[in-house]
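Taking it in order: structure first as structure tokens, then the write-up.
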Amino acid sequence: MEKRYEKTSLLDISPTPCPCGSARRAFADLPGSAASLHCVEIKQDSRVHYHVHHTEIYLILEGTGHMELDGEQVPVKPFDAVYIRPGCRHRAVGQLKVINIPIPAFDPADEYFD
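Just so you know, UniProt numbering puts 3 at position 3 of the sequence shown, and the rest follows in order with no gaps.
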């Protein structure tokens, strides 16, 4: 029987530079993956960007700051969750640690900058 689950440790995944700082990306490379999960460390103000196809869910784990969402500054603190629809220009501002869940799984070709 084919295995119907995947398990990983984010600690075993090397951080990858991203517009937000650095991200440990789990499950992005699974064929047909419906979603991926990223632990993102925002060390500086990130670059405003958007996705045409991805919906993203951000869960703030540590730090305080704000999310810029279509030009609006929305304060965030630990355990706040933000649902970002395709086309919403967004970035995180402040020193934050977040879990980001892109749906479908992250594809770097779906990351756009103005």
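Backbone N, C-alpha and C define an ideal beta-carbon position, used for all residues, glycine too. None of the values given here were measured: they were computed from a predicted structure.
(request) Report the rounded CA-to-CA distance for residue 27 versus residue 51, giving the unit in angstroms. (result) Start at 1 with the first residue of the sequence shown, and residue 27 comes out as number 27. Start at 1 with the first residue of the sequence shown, and residue 51 comes out as number 51. Going from the Cα of residue 27 to the Cα of residue 51 covers about 18 Å.
(request) Drop a sphere of 10 angstroms on the beta-carbon of residue 53, count the other beta-carbons inside from all chains shown, and report buried for 16 or more, exposed for fewer. (result) Locating residue 53 in the sequence shown gives position 53, counting from the first residue. Exposed, because fewer than 16 other Cβ atoms sit within 10 Å of the Cβ of residue 53.
(request) Thinking residue 94 and residue 66 are a contact (beta carbons under 8 Å), I'd like their distance in whole angstroms, please. (result) Locating residue 94 in the sequence shown gives position 94, where the first residue counts as 1. Locating residue 66 in the sequence shown gives position 66, where the first residue counts as 1. With 8 Å as the limit, residue 94 and residue 66 qualify as a contact, their Cβ atoms being about 7 Å apart.
(message) Taking only three categories from DSSP, how would you classify residue 35?
(response) For the purposes of this step, residue 35 is taken as the residue at position 35 of the sequence shown. Taken through DSSP and simplified to helix, strand or coil, residue 35 comes out as coil.
(message) So, under 8 Å CB-CB, residue 90 and residue 48 are touching, yes? Tell me the CB distance rounded to an integer number of Å.
(response) One-based indexing of the sequence shown puts residue 90 at position 90. One-based indexing of the sequence shown puts residue 48 at position 48. In this structure residue 90 touches residue 48 by the C-beta definition: roughly 7 Å separates them, less than 8 Å.
(message) Nearest by alpha-carbon distance to residue 109: which of 18, 59 and 1 is it?
(response) As a first step, residue 109 is located in the sequence shown; it is residue number 109 there, counting from the start. Measuring from the Cα of residue 109, the nearest candidate turns out to be 18.
(request) Kindly provide the ranges of any alpha helix (DSSP H) runs that are 4 or more residues long and lie completely inside the stretch 13-82, ordered along the chain. (result) Runs found: none.
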